[in-house]
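Chains A and B are the protein sequences, given in the same order.
According to our numbering, the first sequence is numbered sequentially starting from 1352.
According to our numbering, the second sequence is numbered sequentially starting from 2.
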Amino acid sequence: MDTPVPSLYIHVPFCSHKCEYCAFYSELLKPEQVQRFVESLCGELKQLGPALQPRTIFFGGGTPSILSLHQWETILDCMHGMGWGQIPEWTVECNPATVSKEKAQLLKQGGVNRISMGVQSMDAHLLERLGRIHSREQVFRSFEILRGAGFENINLDLMFGIPGQDLKIWHDTLDTIHALNSEHLSAYEVIYEDDTPLFHQMKAGAFDVDEDLIESMYESLIDRSTAAGYHQYEVANFARNQTSQSPYDVPHWACQHNIHYWRAGDYHAAGPSSTEYVQGVRRQHVSNTSLYCDGVQSGGRGIVSEETLIPPVQQGEWAAFAMRMNQGLDFKLFEERFGHHPTQLWGEQMQSIQSRGLAVVEKDHFRPTPLGMRFADAVGSEFVYLQD
Amino acid sequence: MDPDLIRNFSIIAHIDHGKTTLSDRLLNLTGTISDRDMEAQLLDSMDLEKERGITIKAHPVTMYYNAKDGKRYELNLIDTPGHVDFAYEVSRSMSACEGALLIIDAAQGVEAQTVANLHLAMKQNLTIIPVINKIDLPHADLEQALVQLEDILAIPREEAIPASAKNGIGIEEILEAIVQRVPPPKPTGAPSTQALLFDSYYDTYRGVVTHVRVFNGALKAGSPVKLLHSGKNVEVKEVGSFNPKPYKRDELTAGETGYFTANIKSPLDIKVGDTLTDAKHPSPPLPGFQEIHPMVYSGIYPINTADYEHLKANLAKLQLNDAAFVYQQETSVALGFGFRCGFLGLLHLEIIQERLRREFEMDIIATYPSVVYQVTMTDGKVEEIDNPAHLPATNHIETIEEPMVKSFIICPNDYIGDMMALVAEKRGLLVHTETLDGSRVMLTCRIPLGEILIDFHDRIKSLTRGYGSMDYEHDGYEASDMVKLDMLVNGESVDAFSCIVHRSKAESRGRSLAAKLGEVIPRQQFQVAIQAAIGGKIVARETVRALRKDVTAKCYGGDITRKRKLLEKQKEGKKRMKSVGSVNIPQEAFVQVLKS
Chain A
1352 MDTPVPSLYI HVPFCSHKCE YCAFYSELLK PEQVQRFVES LCGELKQLGP ALQPRTIFFG
1412 GGTPSILSLH QWETILDCMH GMGWGQIPEW TVECNPATVS KEKAQLLKQG GVNRISMGVQ
1472 SMDAHLLERL GRIHSREQVF RSFEILRGAG FENINLDLMF GIPGQDLKIW HDTLDTIHAL
1532 NSEHLSAYEV IYEDDTPLFH QMKAGAFDVD EDLIESMYES LIDRSTAAGY HQYEVANFAR
1592 NQTSQSPYDV PHWACQHNIH YWRAGDYHAA GPSSTEYVQG VRRQHVSNTS LYCDGVQSGG
1652 RGIVSEETLI PPVQQGEWAA FAMRMNQGLD FKLFEERFGH HPTQLWGEQM QSIQSRGLAV
1712 VEKDHFRPTP LGMRFADAVG SEFVYLQD
Chain B
2 MDPDLIRNFS IIAHIDHGKT TLSDRLLNLT GTISDRDMEA QLLDSMDLEK ERGITIKAHP
62 VTMYYNAKDG KRYELNLIDT PGHVDFAYEV SRSMSACEGA LLIIDAAQGV EAQTVANLHL
122 AMKQNLTIIP VINKIDLPHA DLEQALVQLE DILAIPREEA IPASAKNGIG IEEILEAIVQ
182 RVPPPKPTGA PSTQALLFDS YYDTYRGVVT HVRVFNGALK AGSPVKLLHS GKNVEVKEVG
242 SFNPKPYKRD ELTAGETGYF TANIKSPLDI KVGDTLTDAK HPSPPLPGFQ EIHPMVYSGI
302 YPINTADYEH LKANLAKLQL NDAAFVYQQE TSVALGFGFR CGFLGLLHLE IIQERLRREF
362 EMDIIATYPS VVYQVTMTDG KVEEIDNPAH LPATNHIETI EEPMVKSFII CPNDYIGDMM
422 ALVAEKRGLL VHTETLDGSR VMLTCRIPLG EILIDFHDRI KSLTRGYGSM DYEHDGYEAS
482 DMVKLDMLVN GESVDAFSCI VHRSKAESRG RSLAAKLGEV IPRQQFQVAI QAAIGGKIVA
542 RETVRALRKD VTAKCYGGDI TRKRKLLEKQ KEGKKRMKSV GSVNIPQEAF VQVLKS
């Protein structure tokens, strides 16, 4: 038997409303469909059980918090049955509009110890613009409920570059969120994904994208979050620490699950449209809940595509994602995994990156500079491998 | 054939005044082509020619006409390229004739091209037979056309023949006039054969087919002949005429027109205007030969660099039928591998580019065209410069002379002011103004060729709502205050945008180029300065502000493959970019500026 896989991602593909910017797979909530999904998910987890020994679990979506108390009980029972009661980091994504005291308590007692809440903005007008179902007040209330239920590790998700958002609104959101004192923040720029309403509005000229403004927003995100006591450990992620740290340490409250992704760790996934990566093979589930359920009920997993990454692709991916983190590319870890020293593979590229002030070659690491973190795509593209 | 029974003539006309229709009608009436073939028959063969109403390549056609005097005459219609870009070819074709039909549209009157072509015909001492065409149109004004004929062209009105080529009116009269007024060819008195080469084309099966007019002696298969200017000796393989399809004849005698083939493989070996003579007993050359030189140069590049070889092959194909078109390899920092191409003029340049795009379906980009400057160096040497990159340093230059043209602009009275302003803007000098009739004037001006290359003709058309017309003839060189304008990106010159311009225009051109480049050069991680420089002096500057970050996207498990693919695409894209110093610029950006 191979080494057990240490991470698990579970996709809950339901939302009560589809947001204007969202390109993730989700369906509008239909009770009988949700019930069938819960059963199928448990079925798939039982199949995966023997291969897993999770140290991190992440429930994403969709809106996992939309599941009813009863449905959550079913899922939690199933997971406890596999011996997964005490997981070092177990995250569930919540929408501020769907958090209740009972649900929060149930999750906490069931072993969930981290909540990631999609706040996006604290501006009522922008929340409406994005098609979010929650209000500014619900963010405060939900946060209080979660704290009350004993959650000591909470992430808040923010968005910047939203059409209509100016620097003042952004600063107000940042200041309000910082005041809540969550352990973790992630903030990302609105991406105009194909086939989202926002994308079509932009193409139709409903608004202009002001790159200058977005750049300023990113700068104040870093400045203000740092001043508020957060450490940037990845391009879009910030966390608090317990003690003072060097700029290259991973902060205490960093998301271990995501770090595992970025270090090209193996993880299994369950649920429609979710992707897993195990031993150099990336597999994706079908992006359709009915077909997924059919697949699991007939003894399979509903996997529809499989990509085997050849070593140069794995290496390029590893380096590109490592350079998105403050830690940078760890020469020793890389060499242990691939048998090559990164300077053998990319000596020239690393010199070029260094000469542009984007990273520094150290004894054991290739470290991105603060500038390099801002140009993570430019840096990453130097490492990826082009197959003909 | 008895030279007294031969008449050689050409037809000159403005676009759309009915040259092709009249030619067809003459062929039809003389029985050269049947009614049935009329529809399918057109002297112009390329689509582009039909569309633009111009003739680029045409064959001489031989027809036989039984005149009222009871004699049977051989009439040779020698078609001319009809545009002054090809002035030399036109003049050679005309020198194969003794007369010319001058067609004027009864509804539109004299146009600029009529004037330019008539000047060429008069220089050749041709007998002019004016034909007022389209007299049956509702807007026809025969009287006005006759007045213009006398006033503008100084041709007596009695000589004009009213006609309608479309409806067959006046055709017989025209044929009679050709017989009676055009003088028969006269032998030159030279000791042996003399024939003028006035055109050639490439035939896949027969090789180079050359159009000739025999002036003295005779030309037949098997004769060893000498091409006097190119110094080549060849043996004639076949002689013949066109009706309008080529047909073999035993010989071409003095005064006759037709074609010959020989073992000539490359069209470049045939020089238009050359004299063919007996190899053993050569006669002196016929007058008027000139080496032809391109007047306008432009770089042509494949948009997709992989198309380079393909472009090279297609340029060679074009050259087979167009020896006046020249090209050689060149490399540009911005555009990669391409060709420096030389053209006779503006229309020639447009035609070649259009043919590459349409007939050969090539995706190409052309650099800003340049004329040929005569640069006198401080040491007294004179150099011809057709590429700004080759212009010597200022301290070695004594003077720069630019080619001039004499331009004829005909427009309605209402637009005189606009035309004069345009001419002034183009650094032109109004030489002469003439009233054509109650409503139109003809302006004659002297303008630098370099100024009319880009939008002169289009501007005239749009300023006059399509009523204006323009043509020109070359008119020597003139010293001018020309400077080299360079576009610099972070201090590095971008060759595709360098140009030689008049000092008075350098700054505004530099400013507009800098602004355009500023729009298309993508932002980099550092600030990019775009400067326009004359010599060492910066005359315009634009700044592309530095990017402060990349896209900052969420990037979780399910996004990794997608993100990697984005990075791969970015890397792929960077490979296709051109580096100017440390600035990476996609070729499309350059193309966009050149197109605008």
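Even glycine gets a Cβ: it sits at the ideal position worked out from N, Cα and C.
Treat the numbers as computed from the prediction; the structure is a model and nothing was measured.
Note that the C-beta distance between Pro-1364 (chain A) and Ser-1624 (chain A) is below 8 Å. His-475 (chain B) carries a strand assignment under DSSP once its states are collapsed to helix, strand and coil. Where Asn-1588 (chain A) is concerned, the enclosing beta strand (DSSP E) starts and stops at 1588-1590. Taking the Cα positions, Ala-534 (chain B) is about 23 Å away from Glu-384 (chain B). With contacts defined as CB atoms closer than 8 Å, Gly-256 (chain B) and Pro-186 (chain B) qualify as a contacting pair. Of the residues assessed, Gln-1471 (chain A) falls on the buried side of the cut-off, its CB having 16 or more other CB atoms within 10 angstroms. For Lys-1381 (chain A), the secondary structure class from DSSP, reduced to helix, strand or coil, is coil. Judged by DSSP secondary structure, Phe-1689 (chain A) falls within the alpha helix (DSSP H) whose first and last residues are 1682-1689. Under the Cβ criterion (8 Å, minimum of three pairs), the stretch 483-491 of chain B does not count as touching the stretch 314-326 of chain B. Listed in chain order, the beta strand (DSSP E) runs fully inside the stretch 1474-1518 of chain A are 1505-1511, counting runs of at least 3 residues. For the 8 Å CB-CB criterion, Thr-63 (chain B) and Thr-258 (chain B) form a contact.
DSSP places Ile-1654 (chain A) in no alpha helix (DSSP H) but in the uninterrupted beta strand (DSSP E) bounded by 1654-1659. Nothing from the stretch 1366-1391 of chain A brings a Cβ to less than 7 Å from some Cβ of chain B. Under the 8 Å Cβ criterion, the stretch 337-350 of chain B does not count as touching the stretch 285-292 of chain B, having fewer than three qualifying pairs.
DSSP places Ile-13 (chain B) in the strand class (E or B) of the three-state scheme.
Taken in chain order, the complete beta strand (DSSP E) segments of 3 residues or longer contained in the stretch 187-250 of chain B are 195-204, 208-217, 219-221, 225-228, 233-243 and 247-250.
Nearest neighbour of Ser-94 (chain B) by Cα position, chosen from B:Lys-506, B:Gly-190 and B:Thr-211, turns out to be B:Thr-211.
Secondary structure of Cys-1370 (chain A) (DSSP, three-state): coil.
If the five residues before and after Thr-278 (chain B) are omitted, its C-beta is found closer than 7 Å to the C-beta atoms of Ser-193, Thr-194, Gln-195, Val-226, Lys-227, Leu-229 and Ser-284, all from its own chain and listed in chain order. Taking a C-beta cut-off of 9 Å against chain B, the contacting residues of the stretch 1622-1637 of chain A are Ser-1624, Ser-1625, Thr-1626, Glu-1627, Tyr-1628, Arg-1633 and Gln-1635, listed in chain order. Secondary structure note for Gly-1469 (chain A): its beta strand (DSSP E) is the uninterrupted segment 1465-1471.
Taking Asp-137 (chain B) as the centre and dropping the five residues before and after it, the same chain places the C-beta of Ser-165, Asn-168 and Ile-170 closer than 7 Å to its C-beta, in chain order. The beta-carbon of Val-1735 (chain A) is placed less than 8 Å from the nearest beta-carbon of chain B.
Not flagged as an interface residue toward chain B: Ala-1455 (chain A), since no C-beta distance is shorter than 8 Å.
Classified as buried, Gly-511 (chain B) has 16 or more neighbouring CB atoms from the shown chains inside 10 Å of its CB.
At a beta-carbon threshold of 8 Å, the residues of chain B lying near Asp-1728 (chain A) are Asp-551, Val-552, Leu-567, Leu-568 and Gln-571, ordered along the chain.
Annotation: Glu-1699 (chain A) has no Cβ neighbours in chain B at a cutoff of 9 Å; minimum Cβ distance is about 14 Å. Check the Cα spacing between Phe-1672 (chain A) and each of B:Asp-25, B:Arg-565 and B:Lys-72: the tightest is with B:Arg-565. Under the 8 Å criterion on CB atoms, Ala-1590 (chain A) is classed as non-interfacial with respect to chain B. Spatial neighbours of Leu-1525 (chain A) in its own chain (CB-CB distance under 6 Å, excluding positions within 5 residues in sequence) are listed in chain order as Arg-1575. Between the alpha carbons of Tyr-309 (chain B) and Val-495 (chain B) lies a gap of roughly 21 Å. Excluding the 5 residues flanking it on each side, Pro-413 (chain B) has same chain C-beta neighbours closer than 6 Å at Ser-440, Arg-441 and Tyr-468, in chain order.
Relative to Thr-115 (chain B), the option among B:Leu-27, B:Arg-214, B:His-15 and B:Asn-67 whose CA is nearest is B:His-15.
Taking a Cβ-Cβ cut-off of 7 Å, Gly-582 (chain B) has no neighbours in chain A, whose nearest Cβ is about 13 Å from it.
Not a single C-beta of chain B is nearer than 8 Å to the C-beta of Ala-1710 (chain A).
Bounds of the alpha helix (DSSP H) holding Glu-452 (chain B) are 450-453.
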